[in-house]
Ligand SMILES: [Zn+2]
Ligand SMILES: [Zn+2]
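In this note's numbering, the protein residues as written are 16 to 190.
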C-alpha cells in the first residue's frame, strides 16, 4: 500500500468490503481518517455549456439537485425493468437494505451523469471525470444507462477511461 494515496486506500477498503471482510475494510478506513492518508473526497466533474459542475456523494448542494434525483429515480425504474439488481456490497453493512440502495443511487458519478442527461440534448456524448475508481455498482449502472438513453458516456476514473456504449464498457469489466 502506498500510504500517501487515498485512492488506493479507498480501493483496498472496497475490495475488503466486497469480500465481506468488514473489519479489515473498517480498519483501512479508520487509518485513512486518522491521518495516515489525507482523505480525498470522492468527486466527479462534468462540463456542461462551458461550465464545470462538481458532485460529491450524497450531494445536496447543486441548484438542480431535485431534478437530478427525479431523473435518477426514473432511470433506476427502467434499469430494474431491464434486470438491474443493485450491488449493495459497496455500501457498509450498518445501514438497512432500502437505505443501501438509495446510498448507491447518490454516488457522485451517477449524479453527474443524471445532470448531464437533463442538461444536454440527446445524442451529445457525456464526458465525466472522476478522481477515484468507479465502484462496481456505478460501473454496472452506467452500462444500463448508456443503453437506455442511447448515448456514449465516457468516464475517466482514477487510472483509466471507460467508454460506455449500448450496455458495454470498453474496459470489458476489468479495471
Ligand atoms: Zn458508485
Ligand atoms: Zn469500464
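For each residue, glycine too, the CB sits at the ideal point set by N, CA and C.
Identify the residues that DSSP records as bridge partners of residue i: which are they?
i	result
residue 180	183
residue 119	Residue 119 pairs with nothing; no bridge assigned.
residue 60	69, 144
residue 160	In the DSSP output, where bridge partners are listed per residue, residue 160 has none listed.
residue 166	Answer is none; residue 166 lacks a bridge partner.
residue 9	No information on residue 9 is available, as it lies outside the stretch 16 to 190 that the chain covers here.
Using a Cβ-based criterion (distance less than 6 Å to any ligand heavy atom), does residue i qualify as near ligand 2?
i	result
residue 142	no
residue 153	no
residue 190	yes
Alpha carbon to alpha carbon, how far is residue j from residue i? Give it in angstroms, no decimals.
i	j	result
residue 171	residue 38	30 Å
residue 92	residue 66	30 Å
residue 27	residue 119	18 Å
residue 32	residue 187	22 Å
residue 175	residue 79	29 Å
residue 165	residue 189	23 Å
residue 138	residue 90	17 Å
residue 46	residue 85	36 Å
Using a Cβ-Cβ cutoff of less than 6 Å, which residues in the same chain neighbour residue i once the five nearest sequence positions on both sides are dropped?
i	result
residue 22	147, 173
residue 13	Residue 13 is absent from the model: the chain starts at 16 and stops at 190.
residue 70	59, 123, 126, 127
residue 178	169, 185
residue 40	28, 31, 32
residue 99	159
Take residue i and list the residues in its own chain whose beta-carbon comes closer than 8 Å to its own, dropping the five residues that flank it on each side.
i	result
residue 94	156, 159, 160, 163
residue 83	77, 126, 129, 130, 133
residue 182	158, 159, 161, 162
residue 62	68, 142
residue 74	80, 121, 123, 126
Only counting the same chain, and skipping five residues up and downstream in sequence, which positions put a Cβ closer than 7 Å to that of residue i?
i	result
residue 102	151, 152, 155
residue 72	57, 121, 122, 123
residue 111	none
residue 87	120, 125, 129
residue 44	28
residue 42	none
If you compare alpha carbons, which of the options is closest to residue i?
i	options	result
residue 222	167, 136, 138, 184	Missing from the structure shown is residue 222; the chain here goes from 16 to 190 and no further.
residue 168	144, 81, 64	144
residue 64	140, 175, 75	140
residue 48	175, 75, 24, 81	24
residue 34	104, 46, 136, 137	104
CB of residue i to nearest heavy atom of ligand 1: below 6 Å?
i	result
residue 122	yes
residue 184	no
residue 150	yes
Report yes if the C-beta of residue i is less than 6 Å from at least one heavy atom of ligand 4; otherwise report no.
i	result
residue 177	Although ligand 4 was asked about, the structure shown includes only ligand 1 and ligand 2 as ligands.
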